[in-house]
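2 protein chains.
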Amino acid sequence: MQQYFVEGRAEKLITITDKDTVKHMFSVMRLAEGDEVVLVFEDGIKHLARVVSSSQHQLEMVQELRDDVELPVQVTIASGFPKGDKLDLITQKVTELGAYAIWAFPADWSVVRWDGKKLAKKEEKLTKIALGAAEQSKRNLVPQVSLFEKEEDFIAQLSHFDKIFVAYEETAKAGELSTLARELSTVVTDQKILFIFGPEGGISPKEIETFEQAGGIQVGLGPRILRTETAPFYALSSISYALELTKR
Amino acid sequence: MQQYFVEGRAEKLITITDKDTVKHMFSVMRLAEGDEVVLVFEDGIKHLARVVSSSQHQLEMVQELRDDVELPVQVTIASGFPKGDKLDLITQKVTELGAYAIWAFPADWSVVRWDGKKLAKKEEKLTKIALGAAEQSKRNLVPQVSLFEKEEDFIAQLSHFDKIFVAYEETAKAGELSTLARELSTVVTDQKILFIFGPEGGISPKEIETFEQAGGIQVGLGPRILRTETAPFYALSSISYALELTKR
Numbered sequence: 000m001q002q003y004f005v006e007g008r009a010e011k012l013i014t015i016t017d018k019d020t021v022k023h024m025f026s027v028m029r030l031a032e033g034d035e036v037v038l039v040f041e042d043g044i045k046h047l048a049r050v051v052s053s054s055q056h057q058l059e060m061v062q063e064l065r066d067d068v069e070l071p072v073q074v075t076i077a078s079g080f081p082k083g084d085k086l087d088l089i090t091q092k093v094t095e096l097g098a099y100a101i102w103a104f105p106a107d108w109s110v111v112r113w114d115g116k117k118l119a120k121k122e123e124k125l126t127k128i129a130l131g132a133a134e135q136s137k138r139n140l141v142p143q144v145s146l147f148e149k150e151e152d153f154i155a156q157l158s159h160f161d162k163i164f165v166a167y168e169e170t171a172k173a174g175e176l177s178t179l180a181r182e183l184s185t186v187v188t189d190q191k192i193l194f195i196f197g198p199e200g201g202i203s204p205k206e207i208e209t210f211e212q213a214g215g216i217q218v219g220l221g222p223r224i225l226r227t228e229t230a231p232f233y234a235l236s237s238i239s240y241a242l243e244l245t246k247r
Numbered sequence: 000m001q002q003y004f005v006e007g008r009a010e011k012l013i014t015i016t017d018k019d020t021v022k023h024m025f026s027v028m029r030l031a032e033g034d035e036v037v038l039v040f041e042d043g044i045k046h047l048a049r050v051v052s053s054s055q056h057q058l059e060m061v062q063e064l065r066d067d068v069e070l071p072v073q074v075t076i077a078s079g080f081p082k083g084d085k086l087d088l089i090t091q092k093v094t095e096l097g098a099y100a101i102w103a104f105p106a107d108w109s110v111v112r113w114d115g116k117k118l119a120k121k122e123e124k125l126t127k128i129a130l131g132a133a134e135q136s137k138r139n140l141v142p143q144v145s146l147f148e149k150e151e152d153f154i155a156q157l158s159h160f161d162k163i164f165v166a167y168e169e170t171a172k173a174g175e176l177s178t179l180a181r182e183l184s185t186v187v188t189d190q191k192i193l194f195i196f197g198p199e200g201g202i203s204p205k206e207i208e209t210f211e212q213a214g215g216i217q218v219g220l221g222p223r224i225l226r227t228e229t230a231p232f233y234a235l236s237s238i239s240y241a242l243e244l245t246k247r
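Chains A and B, in that order, give the protein sequences. The first sequence maps to residues 0 to 247 in numbering that gives the first Met the number 0. The second sequence maps to residues 0 to 247 in numbering that gives the first Met the number 0.
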């Protein structure tokens, strides 16, 4: 069943005001009176809702759904600005794979430089991609997308996390394969995890030092060299496997 | 260091004959006498090699490398033909993530129909993508790409596998989250695993029945709905995490 994210809280009768949502519901999907959809409100709770008036864009709540598909921990993915449209792919896929937030920052070895208007436009595009992917994968929330114009602003956020993982190619090369598994066995529900990925050129030694000082733990993601956009897929899949599929 | 796959076996002195490899080595990378690269032969063993003559495309072996980055099991990914260029993305990413072979077949609910010339052209393109991704991720082998023109030819292959997993959305919805983890705890080194994924429309009940009769086990890949191209990333990442990153 089609799912939509709606601002505010669930009430008996609600009117859809967001233009894109209205367009998708009543022009694209041509919802008519009596049709049912799932609405997810800002509290992350899903409701089965029924169209009362397609011309007034009104729906009534039928029942609250217990469906909660969020990871037991909040995982923020932070990528050093990668080339081209790779952030589009990263945003879509990590949303499907359960990311809580999607951040990107100008890393020392990022080739692209986005700022001002371009950055805002990019962030807007990625936010739309995240919304679409969150609806499609039936998430309870839309990952928040933030592109940092300055790396120092990203670094200032590090203290807000319970655990920081740094995907480090050199670590993988050196055969450091079990740190991630060991660390994941210690996380507890609702912890805030930050997973940092470098751009194509990798993470600079200076950055590694900064992340380590903030408590960052270098982890390898298996023995194969993963592209910058593939590493976050591995990370989130592993976290899901470890925390959702494995009996602990 | 740049890595190339070379046909045949390692000998003291070898001449590169494959046109694309010659072009990349001596035109793109402009390798000169004394430059070193890694060559991987058909046995999967990597060798450090040094250019002896760039005009003759000759290299000498310096030493055998112990580097083996292959998964401990052979995982074949089999996707029902998905729409558009999704197989390109699947091929690149599952090669990075360690797939042994990449198959696709016309599933009951595949929208696209590829046959004859078009299928052969597609297979050729995907084979090149797999080669590029295998070099980039420093694999010991290039995954074999096979596109089946008839689903029955794919089904005829099922008996060659030790274990068959079927990614089944309905299973995930019903909260079946631990089968994959339980089954992965029983696999042993070098086993042949087949992981089947449906196209966008999913796997038909008839197909599910066929796969089950062949020993296929339905597994959920976490509670979120993954797109057809994302599910294989989750599957391979989980297999790597379970078999390479977790102490067993």
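The beta-carbon is built from N, C-alpha and C at its ideal position, and this holds for glycine as well.
Tell me where the beta strand (DSSP E) around residue i begins and ends.
{"i": "A/K124", "result": "Unbroken run through A/K124 is the alpha helix (DSSP H), G115 to Q135; no beta strand (DSSP E)."}
{"i": "B/E35", "result": "E35 to V39"}
{"i": "A/K45", "result": "K45 to S52"}
{"i": "B/L12", "result": "L12 to T14"}
{"i": "B/W102", "result": "A100 to F104"}
{"i": "B/Y3", "result": "Q2 to F4"}
{"i": "A/S78", "result": "Q73 to G79"}
{"i": "A/V218", "result": "I216 to V218"}
Could you round the C-beta distance between residue i and residue j to whole angstroms and report it? I think they count as a contact, below 8 Å.
{"i": "B/R65", "j": "B/D42", "result": "Not really, about 14 Å apart at Cβ, beyond 8 Å."}
{"i": "B/L70", "j": "B/L193", "result": "Not a contact, Cβ separation roughly 14 Å."}
{"i": "B/L30", "j": "B/S53", "result": "6 Å"}
{"i": "A/T185", "j": "A/V144", "result": "Rounded, the Cβ-Cβ distance is 29 Å, inconsistent with contact."}
{"i": "A/I15", "j": "A/V27", "result": "Incorrect: roughly 13 Å between the Cβ atoms, too far for contact."}
{"i": "B/A106", "j": "B/E211", "result": "Not confirmed; about 15 Å, so no contact."}
{"i": "A/T248", "j": "A/V72", "result": "Not covered by the structure: residue 248 of chain A. The range shown for chain A is 0 to 247."}
{"i": "B/E148", "j": "B/L125", "result": "Incorrect: roughly 15 Å between the Cβ atoms, too far for contact."}
Along the chain, where does the alpha helix (DSSP H) that runs through residue i open and close?
{"i": "A/E63", "result": "Here A/E63 belongs to no alpha helix (DSSP H); instead the beta strand (DSSP E) covers Q57 to L64."}
{"i": "A/I224", "result": "Looking at the DSSP string, A/I224 is not in any alpha helix (DSSP H), and its letter there is neither H nor E."}
{"i": "A/I89", "result": "K85 to E95"}
{"i": "A/Q212", "result": "P204 to Q212"}
{"i": "A/T20", "result": "K18 to V21"}
Measure the CB-CB distance between residue i and residue j and report whether it falls below 8 Å.
{"i": "B/L96", "j": "B/F196", "result": "no"}
{"i": "A/L244", "j": "A/A230", "result": "no"}
{"i": "A/R49", "j": "A/E63", "result": "no"}
{"i": "B/F153", "j": "B/W102", "result": "yes"}
{"i": "B/E228", "j": "B/L88", "result": "yes"}
{"i": "A/I163", "j": "A/A98", "result": "no"}
{"i": "B/G79", "j": "B/F104", "result": "yes"}
{"i": "B/R223", "j": "A/V68", "result": "yes"}
{"i": "B/K137", "j": "B/V111", "result": "no"}
{"i": "A/I238", "j": "A/V37", "result": "no"}
{"i": "B/N139", "j": "B/K18", "result": "no"}
{"i": "B/Y3", "j": "A/A180", "result": "no"}
{"i": "A/H159", "j": "A/K191", "result": "yes"}
Using CA atoms only, rank isn't needed, just tell me which of the options is closest to residue i.
{"i": "B/I76", "options": "B/M24, B/M28, B/L47 and B/L146", "result": "B/L146"}
{"i": "A/L235", "options": "A/A155, A/K92 and A/K127", "result": "A/K92"}
{"i": "B/E208", "options": "B/F25, B/Q135 and B/Y167", "result": "B/Y167"}
{"i": "B/Q57", "options": "B/K137, B/G33 and B/I44", "result": "B/G33"}
{"i": "B/A133", "options": "B/E151, B/D19 and B/T94", "result": "B/T94"}
{"i": "B/E10", "options": "B/V61, B/L157 and B/R181", "result": "B/V61"}
{"i": "B/P142", "options": "B/D19, B/E123, B/Q217 and B/V36", "result": "B/E123"}
{"i": "B/I216", "options": "B/V21, B/I44 and B/L157", "result": "B/L157"}
{"i": "B/K85", "options": "B/Y3, B/K121, B/V36 and B/E151", "result": "B/K121"}
{"i": "A/K127", "options": "A/T20, A/L12 and A/Q1", "result": "A/T20"}
{"i": "B/I13", "options": "B/V165, B/H159, B/Q55 and B/H23", "result": "B/Q55"}
{"i": "A/L183", "options": "A/V218, A/G201, A/E151 and A/F25", "result": "A/V218"}
{"i": "B/Q1", "options": "B/G131, B/E151 and B/G201", "result": "B/G131"}
{"i": "A/V165", "options": "A/I202, A/W108, A/A155 and A/K22", "result": "A/I202"}
{"i": "B/E150", "options": "B/M24, B/H23, B/E35 and B/S109", "result": "B/S109"}
Checklist entry - Where in the region 140-192 of chain B do unbroken runs of the alpha helix (DSSP H), each at least 4 residues long, occur, reported from the N-terminal end onward? => result 150-154, 168-172 and 178-183
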